[in-house]
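Chemist:
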Amino acid sequence: MQQDLFFLCALVIVLMPNTPGVANEPELRRLPPVNAESVGTPSTWPILSTPPIPSVSSTLPAVPTPSGDPATKKTEPGKPTATGMDAKNKDVVTEKDKDVLDAESIELPDGVQEDLTWYEWVLPNHWYIPKPWDATFELGIDATDGNSETLTFRTGADFKRKIDWSDLRIDVNYVRGSANRVETKNHAQLGVHHDWLFKDSRWSLFGVARVDYDQFRAFDARLTLNSGAGYRFIDKDATTFKGRAGAGTSREFNGPNDRWEPEAVFGIDFDHKLSERQKIRAVVDYFPNWYDFNDYRMRSKFEWQVLLDKATNMNLKLRIVDRYDSTPYDRRPNDLDYSLLLLWEL
Numbered sequence: 140m141q142q143d144l145f146f147l148c149a150l151v152i153v154l155m156p157n158t159p160g161v162a163n164e165p166e167l168r169r170l171p172p173v174n175a176e177s178v179g180t181p182s183t184w185p186i187l188s189t190p191p192i193p194s195v196s197s198t199l200p201a202v203p204t205p206s207g208d209p210a211t212k213k214t215e216p217g218k219p220t221a222t223g224m225d226a227k228n229k230d231v232v233t234e235k236d237k238d239v240l241d242a243e244s245i246e247l248p249d250g251v252q253e254d255l256t257w258y259e260w261v262l263p264n265h266w267y268i269p270k271p272w273d274a275t276f277e278l279g280i281d282a283t284d285g286n287s288e289t290l291t292f293r294t295g296a297d298f299k300r301k302i303d304w305s306d307l308r309i310d311v312n313y314v315r316g317s318a319n320r321v322e323t324k325n326h327a328q329l330g331v332h333h334d335w336l337f338k339d340s341r342w343s344l345f346g347v348a349r350v351d352y353d354q355f356r357a358f359d360a361r362l363t364l365n366s367g368a369g370y371r372f373i374d375k376d377a378t379t380f381k382g383r384a385g386a387g388t389s390r391e392f393n394g395p396n397d398r399w400e401p402e403a404v405f406g407i408d409f410d411h412k413l414s415e416r417q418k419i420r421a422v423v424d425y426f427p428n429w430y431d432f433n434d435y436r437m438r439s440k441f442e443w444q445v446l447l448d449k450a451t452n453m454n455l456k457l458r459i460v461d462r463y464d465s466t467p468y469d470r471r472p473n474d475l476d477y478s479l480l481l482l483w484e485l
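Residue numbers (this note's numbering): 140 to 485.
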């Protein structure tokens with residue numbers, strides 16, 4: 140009986156499962172029981188052998204960085220990099236942030252102020268014209284009151300752009316006047332003149348389009364189109380003198396001669412800078428009818444410009460314009476218009 144009991148206890152001990160974390164880890168040696176005799180000194184303690192821990196930097200993906208960014212710092216060897224989540228949050232930029240960054244990175248052109256007062260918006264010297272364009276704006280008013288009441292308002296603008304192969308000029312003018320509250324003048328002109336330049340040559344080709352409106356003429360509006368060749372006789376920084384010749388056509392709408400008429404064109408342009416503050420300009424255009432040279436039109440213009448204030452680019456401008464038509468249809472053939480205006484160079 141005792142033998143059977145002993146055999147049963149031995150069988151239970153053999154079949155008993157091992158304790159987790161102790162018998163299943165053969166590489167870890169158990170420490171001896173903690174008591175005064177078995178603790179000993181640190182030099183006699185048993186060494187625990189553990190599996191090697193992989194490096195953090197070797198298990199994490201590399202954080203992408205923009206190439207060529209001077210603000211990007213390289214990770215030193217041996218130091219762990221940021222986690223993928225941190226790198227993602229660092230590089231995420233919302234659309235709202237992009238708008239803010241774009242607005243802050245805008246550079247204003249030279250001479251343009253970021254904030255202007257209300258009266259600075261009105262002053263022409265604060266207006267911005269992109270390069271290579273040059274522009275001028277002019278304004279003039281004259282009036283009388285008393286035994287007679289007169290009022291004349293004039294305004295206009297010139298736009299110029301000159302590059303290697305092109306010389307473009309656009310001009311617009313408007314005049315309106317009254318005497319004793321009765322309208323006496325109301326006319327406007329719009330002209331576009333383009334020269335195609337040749338490199339290392341004084342020759343050029345030109346094209347001109349002009350619209351003339353005059354309420355006191357026998358027609359409502361006249362459209363003139365012509366083209367041809369031009370030659371620069373003098374081409375210096377201070378003086379320019381050129382001539383041109385060509386052909387074209389014109390039409391007077393809602394007038395006695397409301398049809399297209401072929402005509403030739405001859406003209407000269409003269410520009411001269413008298414000093415640092417003064418310059419003059421003269422233009423003469425002659426338009427004879429191809430079938431009858433006694434039927435012609437002529438337009439002459441003279442301008443003298445004086446710089447008054449360099450800080451605001453304000454000038455004083457004297458202009459004399461004469462328009463002649465050999466077929467006035469019961470009207471006077473000459474219209475002479477002279478004015479003294481304030482002009483701003485933009």
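All C-beta atoms, glycine included, are put in the ideal place defined by N, C-alpha and C. Owing to the predicted nature of the structure, the values given are computational and were not obtained by experimental measurement.
#1: For Glu-402, which of Phe-380, Ile-459, Ser-439, Gly-387 has the nearest alpha-carbon?
#2: Can you give the Cα-Cα distance for Lys-338 and Arg-470, rounded to whole angstroms?
#3: My output table needs one value for Gln-417: the three-state DSSP class, helix, strand or coil.
#4: Please say whether Gly-382 and Gly-369 have beta carbons closer to each other than 8 Å?
#5: What is the DSSP secondary structure of Trp-304, reduced to helix, strand or coil?
#6: Measure the alpha-carbon distance for Gln-354 versus His-326 and round it to whole angstroms.
#7: Find the nearest neighbour of Val-314 within the set Gly-346, Asp-351, His-332, His-333, judged by alpha-carbon distance.
#8: With respect to the beta strand (DSSP E) encompassing Lys-381, which residues constitute its N-terminal and C-terminal limits?
#9: Check whether the Cβ atoms of Ala-296 and Thr-283 lie closer than 8 Å to each other.
#10: Have a look at Arg-341 and Asp-408 and give me their C-alpha separation to the nearest angstrom.
#11: Asn-319 by DSSP, collapsed to three states: which one?
#12: Can you tell me whether DSSP reads His-397 as helix, strand or coil?
#13: Residue range of the beta strand (DSSP E) that Trp-272 falls in?
#14: Decide if the region 460-480 is in contact with the region 434-441; the criterion is three or more beta carbon pairs, one per stretch, under 8 Å apart.
#15: According to DSSP, is Trp-342 helix, strand or coil?
#16: Along the chain, where does the beta strand (DSSP E) that runs through Ser-439 open and close?
#17: Taking DSSP as the reference, what is the three-state secondary structure of Thr-214?
#18: Can you check which of these residues, Gly-406, Tyr-430, Ala-377, is closest to Leu-413 by C-alpha distance?
#19: Helix, strand or coil for Phe-372, going by three-state DSSP, please let me know.
#20: Where DSSP assigns a beta bridge to Gln-328, which residues make up the other side?
#21: Buried or exposed, going by whether 16 or more other CB atoms sit within 10 Å of the CB of Gly-406?
#22: In this structure, how does DSSP classify Leu-290 when only helix, strand and coil are distinguished?
#23: Given this structure, state the Cα-to-Cα distance separating Tyr-425 from Pro-472, to the nearest angstrom.
#24: Quick one: grab the DSSP three-state call for Asp-359.
Modeler: Looking at the atomic coordinates:
#1: Gly-387
#2: 47 Å
#3: strand
#4: yes
#5: coil
#6: 6 Å
#7: Asp-351
#8: 378-392
#9: no
#10: 14 Å
#11: coil
#12: The identity of residue 397 in the sequence shown is Asp, whereas the question assumes His. Asp-397 falls in the coil class under three-state DSSP.
#13: 272-283
#14: yes
#15: strand
#16: 435-448
#17: For Thr-214, the predicted structure reports a pLDDT of 47, less than 50, and the residue's modelled location is therefore unreliable. A value from the coordinates is still provided. Coil.
#18: Ala-377
#19: strand
#20: Asn-312, Asp-351
#21: buried
#22: strand
#23: 15 Å
#24: coil
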